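Working notes for the structure below.
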Amino acid sequence: MAKDLLIQGGRVIDPSTHTDKVLDVLVVDGKIAKLSEGIEPEGHMEVLDAKGKIVMPGFIDMHVHLREPGFEYKEDIETGTKAAAMGGFTAVACMPNTEPACDNDSVVTRILERARKTACVRVYPIGAVTKNRAGKELAELGEMRAAGAVAFSDDGSPVATAETLRCALEYLKSFDAVLIDHPEDMSLSDRGQINYGLVSTVSGLRGIPRESEEIAVARDLLIARLTRGRLHLAHLSTEGSISLVRRARARGINVTCEVTPHHLILTDEIVLEAGYDTNTKVNPPLRSQDDVDALREALSDGTIDVIATDHAPHHIDDKWVEYDYADFGISGLETAVGLIIDKLVLPGVINWMKMAELMSLNPARILGVPGGTLKVDAAADITVIDPDCEHSIVPRNFESKGRNSPFMGWRLTGAPYGTIVGGKAVMYDGRMIL
Amino acid sequence: MSLRGNDLLSLREMSAEDMELVLSTARSLKEILSRPIKKVPTLRGKVVCTLFYEPSTRTKTSFELAARYMSADAVSFSSATSAVRKGESLADTARNLSMMGIDLAIMRHSVSGSCHFLSKVLDIPVVNAGDGMNEHPTQGLLDIFTMLDYKSKIRGLKVAIVGDILHSRVARSNIFGLTKMGAEVSIAGPLTLLPPDIERLGVKAFARPEEAMEGADVVYVLRLQLERQARSLFPSKREYRDFFGIDRHKLSYAKDDAIIMHPGPMNRGVEITTDVADSPRSVILDQVTSGVAVRMAILYLILGGRD
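Chains as they are written, first to last, in my numbering: chain B, 1 to 434; chain U, 1001 to 1307.
Listed below in structure tokens is the structure:
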């Protein structure tokens, strides 16, 4: 067992207990043992200085692609979880679009076994909704749940038909697991590369209209109403999607949703500014300023539950090509926290408490996993933030194999400072501890 | 001379001054084309390479002749007969070619933005010979050059561009170039073939060609890009011809002395009738000659006459 751990002098912010106070945190046997002022360090304790830092319940990224099994050249569980640790995440939930797809209990078990051997943060597998993510037959959802899948999704693609979604949402009620849908009407996004609008017109790149997402959101919300199942909408990107969710919530439909840092910060203009840099190619595509503004407003009014990265690491070979031929996706684990602090917290769009809610408390609740709190006896999953650290984004220094970031060279204030998983510091002072 | 050593990727990113410079240089070089010995030594020792990832007759030949008339050597690469067939990436192909000592790359590609990508891969200047649905800047310049042959100035000139705007790189380059030089540009086509927010580029958009052509000095007919029509964007060629094809009757909406242009290759009897294409007001073949002069000017300005 790890030594007892004393995190000294940090500002503790915990939305689960509405705490915002400078406190020492004592961790014993991997659990939170005590929070109070002036805990005296003793010889058997490892002491971490957190003066001037912010101590929060560990961040959980409920939408990442770890690529293992099948695409280990892009990322694997070891590198993906190192990236998570560097980024301040104590846990990640990994999507099933692997090869083979995570669509049965043996793949779930394999991922958990590999995680036990190679991961430095918690890994929660998400199972596929349908066999081979093909949208036709339900996968063995109950078996996967029993093996440790925390949620179900055909991410990368939407659950193909309304009827399949209906069956899955009904069926999953027996297993108390959430279904995460990637809302997209494939007929409207057909071969599209970027947002449909002025930038697609000017650039000559095929456009993906907002309605591609919104039609799917509307479908999903109606099926959620029909089934009363637990639906979570992934990576919403448009003003219209937000207002659909808002209205559905007002009518009591059981739905939660997430947004990504890149959709909260970037617009499609960057495609031209960056000279068709394929690191700007992501699905759903970067939208307009109106959409960004609507997403930001929805953060503060509670319509959006979670910020998740949709970490989609790609090899340079899959990005250093013509725009249409490049893979969709952004490597997001190592930039998310800095971007959220610099672009949203410091300018006052959200406060620290809200950040902890969006990145820790809510994902823990939605997935039904431990964490999201610093209460006594809770697992000691803790994220420490340095709110003053000035740094630049340098993708070649990422722990992730995926260096595909449109934020290369950005200067930010605020960074993850420590990642503590089950009482063990895996990253501290911005460095991996292995 | 700000073009020297630079890429020519788009008219969107090109200044009006640089466009004027190309046009005036082309004006003085055009005379070479009517000489009995069409060769000046200006670019002797320079090598240009054409990389064509899409079929072309006009543009490729035009660039290669322009290079040869200026005494540059032109080598060509086409995707159909190369290692691309063996799965080589554009970046690898281009870097290999550049290691053989070429001075300038001219590329045609089916994907928008590919020339911007190539310019990141290569240290030598890149000239865009048409990238996907984005731009065809040398076509835009040769079109403006041709308009100037027949109309004294571009400022205030009424240009109607009709047809498949959505898929047309020619339309985009003309829109950027012409609006920058002060023309009044109207566009028309089936609404499924007009891209969104196009009016924010400073053009007037119409659903019917007759409206766009009202009082036009120039009628620019675009090729219907049948190869890019994967979706059901219009019902049939017959219906397209009836409502959007330019015939004598529709032409009567333009000024009596309006000229007719087309970038080629034409789908005769679809977007343009043969009697219009071959009428005395058609300057479609002049465009081809202008193309060589404009490309000579571009190669000259980028590669420089002397070191």
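By construction, the Cβ of each residue, glycine as well, lies at the ideal position given by its N, Cα and C atoms. Note that this is a predicted model, so its numbers are computed, not measured.
For a Cβ distance threshold of 8 Å, residue set W320, V321 of chain B lies close to A1091/U, ordered along the chain.
With the criterion set as a beta carbon lying under 8 Å from some beta carbon of chain B, the members of the stretch 1183-1214 of chain U are P1195, P1196, D1197, I1198, R1200, L1201, in sequence order. Close to chain U, meaning a Cβ-Cβ distance shorter than 8 Å, are the following residues of the stretch 199-227 of chain B: S200, T201, V202, S203, G204, L205, R206, G207.
Residue burial annotation: H311/B is buried, with at least 16 other C-beta atoms found within 10 angstroms of its C-beta. Taking the Cα positions, K1153/U is about 15 Å away from V1022/U.
Taking 8 Å as the cut-off between beta carbons, the residues of the stretch 1002-1026 of chain U near chain B are R1012, in sequence order. L1104/U and L1090/U have their C-alpha atoms spaced approximately 16 Å apart. Runs of beta strand (DSSP E) with 3 or more residues, each lying fully within the stretch 154-218 of chain B, are found at 178-181, listed in chain order. Each residue's CA atom was taken as its position, placing V108/B and G204/B some 42 Å apart.
When L35/B, M56/B, P15/B, E42/B are compared, the shortest CA-CA separation from Y417/B is found for M56/B.
Of all residues in the stretch 1135-1155 of chain U, those with a C-beta nearer than 8 Å to a C-beta of chain B are E1135, reading in chain order. In the DSSP assignment, the residues bridged to T419/B are T383/B, M427/B. Among the residues of chain U, none has a CB under 9 Å from the CB of D291/B; the nearest is roughly 15 Å distant. Taking a 10 Å sphere around the C-beta of A336/B, we find 16 or more other C-beta atoms and assign the residue as buried.
Counting along the chain, T278/B sits inside no alpha helix (DSSP H), nor does DSSP assign it H or E at all.
When secondary structure is reduced to three states using DSSP, G1130/U falls in the strand class. Counted as a single uninterrupted DSSP element, the stretch harbouring V292/B is not any beta strand (DSSP E) but the alpha helix (DSSP H) occupying residues 289-300. About 7 Å separates the Cβ atoms of L374/B and V25/B, confirming a contact at the 8 Å cut-off. DSSP places P363/B in the uninterrupted alpha helix (DSSP H) bounded by 362-367. Taking a Cβ-Cβ cut-off of 7 Å, the neighbours of Y196/B in chain U comprise P1196, given in sequence order. Beta-carbon to beta-carbon, S1071/U and L1043/U are separated by about 5 Å, close enough to satisfy the 8 Å threshold. In the DSSP assignment, A33/B falls within the unbroken beta strand (DSSP E) covering 31-36.
When Cβ-Cβ separations below 8 Å define contact, Y276/B makes contact with chain U. For H1167/U, the secondary structure class from DSSP, reduced to helix, strand or coil, is coil. Across the stretch 1278-1292 of chain U, no CB contact with chain B closer than 9 Å is found for any residue.
One thing to note: A1258/U has its Cβ within 8 Å of the Cβ of R1281/U. Note on geometry: alpha-carbon atoms of A93/B and V64/B lie some 6 Å from one another. Distance check between P183/B and each of A146/B, E258/B, D318/B, Y428/B places E258/B closest, using alpha-carbon atoms only.
Nearest to L1178/U by alpha-carbon distance, out of R1004/U, H1167/U, M1019/U, P1265/U, is M1019/U.
With a cutoff of 8 Å on beta-carbon distance, F175/B and R145/B are scored as near each other. Within 9 Å of the CB of S1112/U, the CB atoms of chain B belong to Q193, S203, G204, L205, R206, Y276, E322, Y323, D324, in sequence order along the chain. Restricting attention to L1142/U, A1205/U, P1137/U, L1194/U, the CA atom closest to the CA of F1176/U is found in P1137/U. Its Cα nearest to that of G1189/U, the residue A1171/U stands out among A1183/U, L1201/U, A1171/U, G1202/U.
Using a CB distance cut-off of 8 Å, R1169/U counts as an interface residue toward chain B. Cβ neighbours of D49/B within its own chain (closer than 8 Å, five residues either side excluded): Q8, G9.
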